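For the sequence shown, position 258 (counting from the first letter as 1) is numbered 255 according to this note's numbering, and the numbering increases by one without interruption.
Beta carbons are placed, not taken as given, at the ideal position from N, Cα and C, and that holds for glycine.
Bear in mind the structure is a predicted one, so any value in this text is a computation, not a measurement.
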Amino acid sequence: MEKFTLESQFQITGIGSASGLVYKENSLFIISDNGSFLYQFDIPYNKLTRIPLVKNAQENIPKKDKYDFESIALKGNKLHIFGSGSTAKREKEITYNLETAATEEKDLSKLYKKIKQTATLSDEDLNIEGAIFFNEKWHLFQRGNGANSKNGIAILNDNFDEKGTIEFILIELPKIKHIETSFTDAILVENKIYFLATAEDTTSTYADGEILGSIIGRIDTQTMKIDFTQKITDINKFEGLTLYNKTQDKMEFFLCEDKDSEVLETTIFKLTLDIKHN
């Protein structure tokens, strides 16, 4: 059992269904799985800026048409934003250059097809929800909330080349009540992977279900085994994780929550984790 505190930190009007975030230099960069904007929230000035990621960007896109941006990761001076891959329209990656404000779009359909083949996943079961870059490779986190329930990490080359080698590592996550939790985000902190996972009572990557709670956990990158997990809520579907501050005794994270709603309001939570004994 890890000691932790969870508290509401910011209430942001103008963002709905927050699905990922990155903290950098007093700003939070936030994505929504309902829309096609990148949001920059300036913490000291409490100011929200919308950055269109595609032409004719929208706040709330119909479910069948949305890009379903679920993962955001910082590599160098670029933010990498990934679609979940759970439908054909969700197989894109957008990069946003923090220095030039330029965006680039990449089709990941061939890469996602190879991930499905490697992991023996059906088209309906692929659901990429987190991304980190280390050891010169991308690590994409598959959320196993589909019928086959496969949580795992797809490891691939830097160029997203479907011709390269892909490794898929299955990860068994704990249950909340009768439902196995499934990955919703992950970050790298000093060669350790910290992740979020949620128990959602559904066998579909498309349809939402009853939320039974969320956990935080840590994976050792040398062994790819779980060090610990800790349940942090009974009611929240946390989908975004970023490091805010770290000391010798504790770590502070910002978390965002997907309420599966079109209401343009988002609460950012702060999770403080006691690490003295880890």
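Going by other Cβ atoms of all chains shown within 10 Å of its Cβ, with 16 needed for buried, is I186 buried or exposed?
Note on identity: in this sequence residue 186 is Val, with Ile being the wrong assignment. Per the 10 Å Cβ criterion, exposed.
Which residue's Cα is closest to the Cα of T263: S29, K160, F1, N23?
S29
C-alpha distance - Y93 paired with L123, whole-angstrom precision:
24 Å
My output table needs one value for S179: the three-state DSSP class, helix, strand or coil.
strand
Local conformation of Q114 per DSSP, three classes:
helix
Assumed close pair E56, G32 - CB separation to whole angstroms, cut-off 8 Å:
5 Å
Out of A98, N142, A151, point me to the one whose CA is closest to Y109's CA.
A151
Excluding sequence positions up to five away, which residues of its chain have a Cβ less than 7 Å from the Cβ of S258?
G13, S14
With D122 as the anchor, note down where its beta strand (DSSP E) starts and where it stops.
Counting along the chain, D122 falls outside any beta strand (DSSP E), and DSSP gives it neither H nor E.
Among G161, H175, T218, L167, which residue has its Cα nearest to the Cα of N188?
T218
Across which residues does DSSP place Y20 in a beta bridge pair?
L25
To which residues does DSSP link P171 through a beta bridge?
None, per the DSSP bridge assignment.
8 Å CB neighbourhood of F131 in its chain, flanking five on each side removed
L185, N188, T218
Tell me, please, which residues DSSP counts as bridged to S211.
T195, T230
How do the segment 70 to 79 and the segment 37 to 49 stand: do at least 3 beta-carbon pairs fall below 8 Å, yes or no?
no
Which word fits S119, buried or exposed, when buried means at least 16 other C-beta atoms lie within 10 angstroms of its C-beta?
exposed
Is I112 closer than 8 Å to I163 when the C-beta atoms are compared?
yes
Pick out whichever of E236, I213, N233 has its Cα sitting closest to the Cα of F225.
I213
Identify which residue in T269, C253, L240, L268 has its Cα closest to the Cα of I129.
L240
Top-ranked residue by Cα proximity to T244, from E67, L268, N145, I272
I272
Rounded to a whole number of angstroms, what is the C-alpha to C-alpha distance between A70 and D62?
23 Å
Under the assumption that I265 contacts L25 (Cβ atoms under 8 Å), give the Cβ distance between them as a whole number of angstroms.
7 Å
What residues match up with A292 in a beta bridge as DSSP calls it?
Past the edges of the chain, shown from -2 to 275, lies residue 292, and the structure says nothing about it.
The beta strand (DSSP E) enclosing N94, as first and last residue numbers
89 to 94
By the three-class DSSP mapping on this structure, what secondary structure does Y109 have?
helix
Any idea which residues DSSP pairs V186 with across the strands?
K189
Evaluate T195 with the Cβ neighbour count: other Cβ atoms within 10 Å of its Cβ, from every protein chain shown; 16 or more gives buried, anything less gives exposed.
buried
With 16 as the cutoff for other CB atoms within 10 Å, does S83 come out buried or exposed?
buried
Does DSSP put K160 in a helix, a strand or coil?
coil
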